[in-house]
Amino acid sequence: MATGISAVPAAVVEGPAAWARFGSGVRRFIRKKPLGAIGAFILIVFVGMAVAAPVISPYDPIAGDTTVRLLKPSVSHLVGTDQFGRDVFTRIIYGSQTSLKIGVMVTLATIIPAVFLGLVSAYFGGWVDYGIGRLVDTIQAIPFLILLIAIMVVLGPSLVNVVIALSFRRAITESRIIRASVLGLINQVYIEAARSLGASGSWIMVRHLLPNVLPTIIVLASLGFGGTILSEASLSFLGYGVPPPTPTWGGMLSNEGRSYMFAAPWMLIGPTVALGTVVFGINVFGDALRDVLDPRLRGS
């Protein structure tokens with residue numbers, strides 16, 4: 003009598019877990035790009051400081067106490083107090099919330115229109131490409147700071163208007179970078195195959211072109227984030243940014259730091275160090291991210 007042989011399924015060898023792959027990628031990034039890893043650490047500290055602001059400092063960033071005005075740095079006030087008796091370290095922490103909020107909002111308001119204009123311009127070409135190109139040329143001809151101040155004078159100082167002013171120019175001019183990346187892909191074989199199968203233009207742009215320009219988009223967002231924080235500080239320094247008493251690093255440098263830069267230099271040093279450190283960290287991290295994501299810069 004024939005004996006039935008039961009088939010035993012072969013053991014499936016699973017690949018490394020997602021967290022293990024992520025940890026390996028992080029270690030590889032730290033080894034190859036140590037300066038970029040330092041920038042990433044600064045960015046993580048910056049975001050954590052903004053999120054956990056009420057936990058880090060017990061003081062109110064707006065309410066003052068005249069009995070402790072212009073105190074030097076001490077254990078109770080790490081970076082001293084300002085002319086209204088407000089803790090400077092607390093205002094730096096809450097200022098990071100404002101910078102983070104503006105940075106995220108401006109980045110989204112910049113990248114989405116820039117990607118749309120870049121994709122449409124490169125894919126359709128012709129008069130569409132010509133019209134968008136002339137719009138970009140027109141906006142680029144206007145100096146950045148003059149355009150910022152003009153928009154803020156017309157709209158007035160507020161958080162939303164700062165976001166509009168900071169994102170308007172970049173949303174148009176950065177579309178040229180996206181367009182250049184798409185032009186390098188538009189004649190690839192898989193694009194021609196999708197066209198021959200009857201795929202619509204919107205499907206090709208979303209399904210094939212957008213994923214391939216994603217590294218460029220990520221690099222633009224990371225590098226533009228630091229520039230946005232610096233531009234917001236410049237607007238606040240000139241008096242066109244987020245109106246007081248909302249704490250912002252640029253406002254602390256302009257409204258308070260300049261007036262008391264000799265009597266209470268910590269009011270100027272604190273936000274300057276915070277602003278410089280964060281912008282440095284974001285820029286070196288974005289530069290390292292570009293080297294990692296761009297195949298032409300990865301090396302062998």
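Going by the numbering used here, the sequence shown opens with residue 3, and the numbers climb by one from there.
Note that CB positions come from ideal geometry on N, CA and C, so glycine has one too.
Here the structure is a predicted model, which means the values were calculated and not measured.
Measure the CB-CB distance between residue i and residue j and report whether it falls below 8 angstroms.
i	j	result
Q99	A52	yes
G283	L45	yes
W331	G97	Only positions 3 to 302 of the chain appear in the structure, and residue 331 is not among them; the question remains open.
A290	G38	yes
S233	L168	yes
I134	S78	no
A196	I180	no
L187	L222	no
F48	V191	no
Grab me the residues of residue i's own chain with a C-beta within less than 6 angstroms of its C-beta, minus the 5 sequence neighbours each way, in chain order.
i	result
G278	none
S183	V215 and T218
D131	S123
S101	I231
L161	V244
T68	G87
L255	F239 and P273
M107	V165
In terms of alpha-carbon separation, which member of the options lies closest to residue i?
i	options	result
I219	T109, Y125 and P249	T109
M269	T69, V81 and V106	V81
N189	S202, Y125, G200 and P145	Y125
G66	V49, F48, V77 and T92	T92
P75	T112, P267, I206 and G203	P267
G120	F31, V208 and V275	V208
P247	R33, K34, P159 and G27	P159
F118	D139, G203 and I144	G203
Between residue i and the rest of its own chain, which residues show a CB-CB distance below 8 angstroms, the 5 nearest in sequence each way excluded?
i	result
R71	T83, D84, Q85, F86 and G87
I95	M51, A52, A55, I58, S59 and P63
N285	G41, L225 and G228
G259	M269, L270, P273 and T274
A276	I94, G97, S98 and W251
Can you list, in chain order, the residues of its chain whose CB lies under 7 angstroms from that of residue i, leaving out five sequence neighbours each side?
i	result
G17	Because G17 carries a pLDDT of 49, less than 50, the predicted location of this residue cannot be relied on, and no value is offered for it.
F287	G38, G41, A42, L45 and S224
I141	R171, I174 and T175
Y61	D89 and T92
L73	H79, G82 and T83
Looking at the secondary structure, which residues open and close the alpha helix (DSSP H) in which residue i lies?
i	result
V294	W268 to L295
V208	Per DSSP, V208 belongs to no alpha helix (DSSP H) and is neither H nor E.
K103	V90 to F126
N163	L161 to T175
R197	V191 to S198
V156	F146 to L157
S59	Segment: none, S59 is in no alpha helix (DSSP H) and carries neither H nor E.
S224	L216 to L240
A42	P36 to V53
Following a CB-centred definition, is residue i positioned closer than 7 angstroms to any heavy atom of the ligand GTP?
i	result
A55	Absence of the ligand GTP is noted for the structure shown, with no ligands found whatsoever.
Comparing the C-beta of residue i with each C-beta of chain D, is any distance below 8 angstroms?
i	result
K34	Given the protein chain composition of this structure (a single chain), no chain D is represented.
Contact the segment 232-248 vs the segment 149-165: 3+ CB pairs below 8 angstroms: yes
Pair every Cβ in the segment 226-238 with every Cβ in the segment 167-177, then say whether three or more of these pairs are closer than 8 angstroms. yes
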